[in-house]
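Take a look at the structure set out below.
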Amino acid sequence: EAKAAKVDRPIVFDQVLRDKAQKRLYIENELRDVISRDELTLFYQPIVDLESGDFRGVEALIRWFHPESGMIPPDEFISIAEEMDLIIPVGNFVLNEACRQLNRWRKTLGPLAPANLHVNVSRKQLEHPTLVTVVKNVLRKYEIPPECLHLEVTESIIMHDREISVSTLNELKKLGVNIDVDDFGTGYSSLSCLCDFPIDVLKLDREFVKKSDRDREVMLIEALIILAEKLGLEVIAEGIENAEQLALLQALGCRLGQGYFFSKPLIAADLEQAILKEDWPSPSMAGV
Ligand code: C2E
Ligand code: MG
Ligand code: MG
Ligand code: MG
Numbered sequence: 285e286a287k288a289a290k291v292d293r294p295i296v297f298d299q300v301l302r303d304k305a306q307k308r309l310y311i312e313n314e315l316r317d318v319i320s321r322d323e324l325t326l327f328y329q330p331i332v333d334l335e336s337g338d339f340r341g342v343e344a345l346i347r348w349f350h351p352e353s354g355m356i357p358p359d360e361f362i363s364i365a366e367e368m369d370l371i372i373p374v375g376n377f378v379l380n381e382a383c384r385q386l387n388r389w390r391k392t393l394g395p396l397a398p399a400n401l402h403v404n405v406s407r408k409q410l411e412h413p414t415l416v417t418v419v420k421n422v423l424r425k426y427e428i429p430p431e432c433l434h435l436e437v438t439e440s441i442i443m444h445d446r447e448i449s450v451s452t453l454n455e456l457k458k459l460g461v462n463i464d465v466d467d468f469g470t471g472y473s474s475l476s477c478l479c480d481f482p483i484d485v486l487k488l489d490r491e492f493v494k495k496s497d498r499d500r501e502v503m504l505i506e507a508l509i510i511l512a513e514k515l516g517l518e519v520i521a522e523g524i525e526n527a528e529q530l531a532l533l534q535a536l537g538c539r540l541g542q543g544y545f546f547s548k549p550l551i552a553a554d555l556e557q558a559i560l561k562e563d564w565p566s567p568s569m570a571g572v
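Residue numbers (the UniProt record's numbering): 285 to 572.
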């Protein structure tokens with residue numbers, strides 16, 4: 285028996301590796317013509333005013349619906365798309381589709397349409413020479429006021445090539461769009477990036493929100509909110525899952541947030557229904 289166990293181990297390990305490599309190869313192959321096969325969709329997660337409960341905007345989040353494998357989440361294919369340089373067409377699809385949808389909402393929902401549309405941008409997209417033109421054209425095509433659009437980049441993305449980042453972000457600012465730092469606090473050079481780049485919004489990573497039952501984290505969140513205020517930045521807390529987390533963020537003066545407590549990311553039609561019915565928990569449910 286002991287002998288069998290010894291032999292077993294490397295086989296299992298090998299199998300795991302092979303499965304991983306196979307999965308990657310599979311995703312690579314399937315990704316190649318994912319756009320022409322029309323399998324990519326955007327979901328939209330509401331961003332809410334934590335005091336009033338007002339609906340403030342949406343974050344567009346990509347989903348890949350594969351005919352055999354079902355839903356493949358972005359964490360499983362975005363980095364592969366990036367390595368294969370497919371992130372440029374995928375990223376352009378996302379920008380176009382999100383703006384097309386916002387254009388529709390502005391027509392059908394009028395003043396209830398999302399005031400802010402947040403779109404995630406990857407490193408290769410930010411460093412690609414066409415980004416500013418792509419953004420400019422898509423805003424014009426769908427008649428979207430530039431101040432409605434937020435491009436979300438992480439600290440590590442903007443720190444990768446500071447020079448390109450500074451000049452591209454400045455160009456984007458000239459168009460009038462907003463720059464959000466996504467997953468703020470998980471990167472390594474948080475504070476200097478706040479001075480060196482033209483940033484409008486800090487998105488507090490959900491790890492902070494999750495750990496917010498610990499004293500030191502609470503003080504850190506509070507300090508970050510004060511810092512953001514002093515720098516004239518808005519703060520959006522990510523990953524608010526329960527009333528306790530919401531109550532704490534409210535008490536700390538965080539104005540905006542998103543998370544499963546309010547709503548999971550939804551398909552466009554469901555978001556529309558939720559907006560019309562104001563179908564999410566009111567912040568007063570947090571008991572503050
Ligand atoms: P992100 O931009 O930080 O997006 C937030 C993620 O947190 C989303 O995961 C969202 O579904 C999830 N989330 C929201 N509320 C909660 C909550 O209360 N609890 C928990 N546990 N999770 C919550 P998702 O959609 O799987 O996306 C993962 C990441 O993939 C995104 O993180 C973003 O970095 C990337 N991504 C998504 N869509 C795109 C895209 O269109 N382009 C690029 N380049 N990256 C994308
Ligand atoms: Mg994001
Ligand atoms: Mg994030
Ligand atoms: Mg994230």
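Built from N, CA and C at the ideal position, the CB exists for glycine as well.
Remember, predicted model here, so these are calculated numbers, not experimental data.
Supposed close pair residue i, residue j - CB separation, criterion 8 Å
i	j	result
Leu536	Ile509	6 Å
Val342	Leu555	7 Å
Val493	Glu518	Val493 to Glu518, Cβ: 16 Å. No contact.
Pro413	Gly460	Their Cβ separation, rounded to whole angstroms, is 20 Å, which puts Pro413 and Gly460 out of contact at 8 Å.
Leu530	Leu334	7 Å
Glu411	Asp445	6 Å
Ser566	Gly337	5 Å
Residue i and residue j closer than 8 Å at C-beta
i	j	result
Leu540	Arg340	yes
residue 247	Tyr328	This structure cannot settle anything about residue 247, because the visible part of the chain is limited to 285 through 572.
Glu360	Ile311	yes
Asn404	Glu439	no
Leu345	Pro330	no
Val416	Glu366	no
Val332	Gln534	no
Arg316	Ile364	no
Pro408	Ile362	According to the sequence provided, residue 408 is Lys. The question's Pro does not apply to it. No.
Met443	Gly471	yes
Residue from the options whose Cα sits closest to the Cα of residue i
i	options	result
Gly375	Ser406, Gly471 and Gly394	Ser406
residue 575	Ser440, Asp480 and Phe377	Lying before the first or after the last residue shown, residue 575 is absent from the chain, which here runs from 285 to 572.
Cys432	Asp489, Tyr426, Pro567 and Leu401	Leu401
Ile483	Ser496, Phe468, Thr417 and Glu491	Phe468
Tyr544	Arg490, His350, Asp298 and Cys538	Arg490
Query raised in the report: Should the region 464 to 474 be called in touch with the region 410 to 423, which here means at least 3 C-beta pairs below 8 Å?
Result: The answer is no - the region 410 to 423 does not touch the region 464 to 474, with fewer than three Cβ pairs under 8 Å.
**Report entry** contact_flag[the region 374 to 383, the region 317 to 329] where n(CB pairs < 8 Å) is 3 or more
**Finding:** These segments touch.
**Report entry** Whole beta strand (DSSP E) elements within the region 408 to 440, 3-residue minimum
**Finding:** You should have 433 to 438.
Requested in this report: Counting only runs of 4+ residues fully inside the region 503 to 570, write out the alpha helix (DSSP H) ranges in chain order.
Outcome: Qualifying alpha helix (DSSP H) stretches, in chain order: 527 to 535 and 552 to 561.
**Report entry** 3-residue-minimum beta strand (DSSP E) runs that sit fully inside the region 435 to 505, ordered along the chain
**Finding:** Listed in chain order, the beta strand (DSSP E) runs fully inside the region 435 to 505 are 462 to 468 and 485 to 488, counting runs of at least 3 residues.
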